[in-house]
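Asker: Counting along the sequence shown from 1, when you hit position 231 you're at 230 in numbering that gives the first Met the number 0, and nothing is skipped either side.
Ideal Cβ placement from N, Cα and C applies to all residues, glycine included.
For clarity, every value in this text was computed on a predicted model and none was experimentally measured.
Following this message is one structure expressed as structure tokens.
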Amino acid sequence: MKIILDVMGSDKGPEELIKGAEAARERIEADIIYVGDADVIQTAAAKNNFKINSGSIIHAPDVISMESDPFEIRSMRSSSMRVALEMLSEGAGDALVSCGNTGALHTGATLYVKRIPGIHRAAISALLPMKAPVLLLDAGANLSVTPEQLTQFAIMGSIYMNKVLGVDSPKVGLLNIGGEDCKGTPLYIEAYKALRKTRAINFVGNIEGKEIPFAKCDVVVCDGFTGNIVLKTIEGMGKFVSSSVKDIFSSFSGKVGGMFVLHRLSAFRLSMSPSVHAGAPLLGISKPVIKSHGSSDAKAFCNAICKAERYAKAEVSRLILESLESSGAKNDKAPSATESTK
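Quick look at the structure:
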């Protein structure tokens with residue numbers, strides 16, 4: 000197996016990502032291909048005493064910044080992201096991991112790697128750092144959706160949770176403002192009806208945001224605008240809780256008390272760590288494309304690479320296509336690649 004890494008465009012720079020990649024190499028059986036500025040990659044590797052074969056580096060000098068328009072990927076042929084995506088499309092690797100511009104990655108994956116036949120929109124699926132991880136999709140790719148697209152998101156999320164994370168018969172919930180089937184906008188009322196009739200999923204109905212941490216469901220489905228707000232809110236609350244707990248145990252009495260609960264506090268902190276659950280697959284793309292957070296450290300990037308390997312081995316894309324065909328949710332009149340990224 001070969002995993003392609005776009006190591007440019009992250010907040011922390013290539014060096015941190017190379018550290019993560021070299022750590023991943025010890026955990027998985029896969030060849031790593033670095034895509035980016037060759038001189039920068041070799042310099043960072045030498046600084047950390049890593050020996051990277053020149054044949055494992057693909058030179059791509061340009062970088063799509065976080066501030067770039069997503070459609071700039073069409074003109075930046077020498078950008079690390081564009082080169083990496085085209086390599087994946089052409090079969091030079093089995094999966095791709097990038098920390099770069101989310102919009103550009105989604106756009107490029109749709110344009111060059113292509114969607115699974117019948118999929119209307121690819122969705123960013125983020126694993127929320129709960130005690131029992133919850134998959135949220137869409138987490139930001141599609142600001143507007145249809146009931147049919149939400150149904151496809153539910154099917155894709157269920158397959159991913161089952162085949163990659165081993166959750167038996169994943170419970171799917173539709174994020175809404177109330178549990179009743181009449182709640183929400185017309186879109187969500189119609190989506191509820193569509194999901195209830197879909198045999199390929201274990202639909203448990205509407206769920207409210209406050210229920211997400213309490214294992215009400217394994218997969219949360221919503222539009223990308225709502226999903227991204229939920230994701231960023233949970234990330235912020237995680238940092239707030241961690242900081243608050245640290246303040247509580249900073250005093251002398253707190254330190255004494257902390258000695259008795261240190262193990263449990265450490266386990267709690269680990270369960271809430273975004274680094275542990277790093278890597279958001281673009282579900283619906285024909286080959287594995289994993290988006291790692293722009294501020295990923297070495298640990299987070301390592302975990303994202305390991306997730307890419309599991310995703311590829313599980314053949315999630317093939318299983319999604321088979322499930323769509325058997326459930327009747329396959330849409331052969333999907334929009335063009337350009338239309339789907341708007």
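First and last residue of the alpha helix (DSSP H) that includes Y191?
Answerer: Translated into the one-based positions of the sequence shown, residue 191 becomes position 192. Per DSSP, Y191 belongs to the alpha helix (DSSP H) from P185 to R195.
Asker: For A61, which residues does DSSP report across the bridge?
Answerer: Residue mapping note: residue 61 aligns to position 62 of the sequence shown, counting from 1. Rather than Ala, the amino acid found at residue 61 in this sequence is Asp. D61 is bridged to S78.
Asker: Between which residues of its own chain and T340 is the CB-CB distance below 6 Å, once the five residues before and five after are set aside?
Answerer: Within the sequence shown, numbered from 1, the residue matching residue 340 stands at position 341. The predicted position of T340 is uncertain, since its pLDDT is 45 and thus under 50; a value taken from the coordinates is nonetheless stated next. T106 and T109, listed in sequence order.
Asker: Mind checking who R114 pairs with in its DSSP beta bridge?
Answerer: As a working mapping, residue 114 is identified with position 115 in the sequence shown. Answer by DSSP bridge pairing, in chain order: I284.
Asker: Short check: CB of V218 to CB of P169, under 8 Å?
Answerer: Along the sequence shown, one-based indexing puts residue 218 at 219. Along the sequence shown, one-based indexing puts residue 169 at 170. In this structure, P169 lies closer than 8 Å to V218 by Cβ.
Asker: For C305 and L323, what's the separation of their Cα atoms in angstroms?
Answerer: Taking the first residue of the sequence shown as position 1, residue 305 is located at position 306. Taking the first residue of the sequence shown as position 1, residue 323 is located at position 324. One C-alpha to the other measures close to 27 Å.
Asker: DSSP three-state label for E49, please.
Answerer: Counting from 1 along the sequence shown, the entry for residue 49 is found at position 50. Note that residue 49 corresponds to Phe in the displayed sequence, not to Glu. Coil, per DSSP.
Asker: Alpha carbons only, please: which of A23, V34, I63 and R195 is nearest the one belonging to G8?
Answerer: Counted from its first residue, the sequence shown places residue 8 at position 9. Of A23, V34, I63 and R195, the residue nearest in Cα terms is I63.
Asker: What three-state label does DSSP hand A121 in the structure shown?
Answerer: Position 122 of the sequence shown, counted from the first residue, corresponds to residue 121. Three-state DSSP puts A121 in coil, outside helix and strand.
Asker: Between which residues of its own chain and E338 is the CB-CB distance below 8 Å, once the five residues before and five after are set aside?
Answerer: The residue labelled residue 338 in the question sits at position 339 within the sequence shown. Legend: pLDDT at E338 = 47, less than 50; position of this residue unreliable, value from coordinates given subsequently. Once the five neighbours on either side are set aside, E338 has no close Cβ partner at all.
Asker: Can you tell which of E28, K1, M0 and Q41 has its C-alpha closest to the C-alpha of K18?
Answerer: The residue you call residue 18 lines up with position 19 of the sequence shown. Nearest option by C-alpha distance: Q41.
Asker: With K1 and D30 assumed to form a contact (beta carbons below 8 Å), what rounded beta-carbon distance in angstroms separates them?
Answerer: Working through the sequence shown from its first residue, we reach residue 1 at position 2. Working through the sequence shown from its first residue, we reach residue 30 at position 31. Rounded, the Cβ-Cβ distance is 5 Å, consistent with contact.
Asker: Taking Cβ positions, are D296 and K11 nearer each other than 8 Å?
Answerer: Start at 1 with the first residue of the sequence shown, and residue 296 comes out as number 297. Start at 1 with the first residue of the sequence shown, and residue 11 comes out as number 12. Taking 8 Å as the Cβ cut-off, D296 and K11 qualify as a contacting pair.
Asker: If I measure Cβ to Cβ from A94 and keep anything under 6 Å in the same chain, skipping five residues before and after, which residues do I get?
Answerer: Here residue 94 is taken as the residue at index 95 of the sequence shown, counted from 1. The residues are I2, P287, A307 and A311.
Asker: Which same chain residues, not among the five before or five after A37, have their C-beta less than 7 Å away from its C-beta?
Answerer: Start at 1 with the first residue of the sequence shown, and residue 37 comes out as number 38. Around A37: I56 and H58.
Asker: Please return the same chain residues whose Cβ sits closer than 7 Å to the Cβ of S78, not counting the five positions on each side in sequence.
Answerer: Locating residue 78 in the sequence shown gives position 79, counting from the first residue. These residues qualify, in order along the chain: A59, D61, V62, I63 and I72.
Asker: Looking at the unbroken alpha helix (DSSP H) that takes in K18, where does it start and where does it end?
Answerer: Along the sequence shown, one-based indexing puts residue 18 at 19. From DSSP, the alpha helix (DSSP H) with K18 extends over P13 to R24.
Asker: Flag this pair as yes or no: are the beta carbons of V144 and D222 separated by less than 8 Å?
Answerer: Sequence index remark: in the sequence shown, residue 144 carries index 145 (1-based). Sequence index remark: in the sequence shown, residue 222 carries index 223 (1-based). Yes; because the gap between Cβ atoms is below 8 Å, this pair is in contact.
Asker: How far does the alpha helix (DSSP H) with K162 in it reach, from first residue to last?
Answerer: The residue labelled residue 162 in the question sits at position 163 within the sequence shown. P146 to K162 is the extent of the alpha helix (DSSP H) around K162.
Asker: Looking at the structure shown, is V240 part of a helix, part of a strand, or coil, going by DSSP?
Answerer: By one-based count along the sequence shown, residue 240 stands at place 241. V240 falls in the helix class under three-state DSSP.
Asker: Return the bridge partner residues of A279 from the DSSP annotation.
Answerer: Reading the sequence shown from its first residue, position 280 is the one you call residue 279. K290, per the DSSP bridge assignment.
Asker: Let me check understanding here. Comparing Cα to Cα, which of E147, I206 and K196 lies closest to G183?
Answerer: Mapped onto the sequence shown, residue 183 falls at position 184. Of the candidates E147, I206 and K196, the one whose C-alpha sits nearest the C-alpha of G183 is I206.
Asker: What is the rounded straight-line gap between the Cα of A23 and the Cα of C301?
Answerer: Here the question's residue 23 lines up with position 24 in the sequence shown. Here the question's residue 301 lines up with position 302 in the sequence shown. If you take the alpha carbons of A23 and C301, they lie about 5 Å apart.
Asker: Just curious, the beta strand (DSSP E) that I2 is in, first and last residue?
Answerer: Here residue 2 corresponds to residue number 3 of the sequence shown, with the count starting at 1. Where I2 is concerned, the enclosing beta strand (DSSP E) stretches over K1 to D5.
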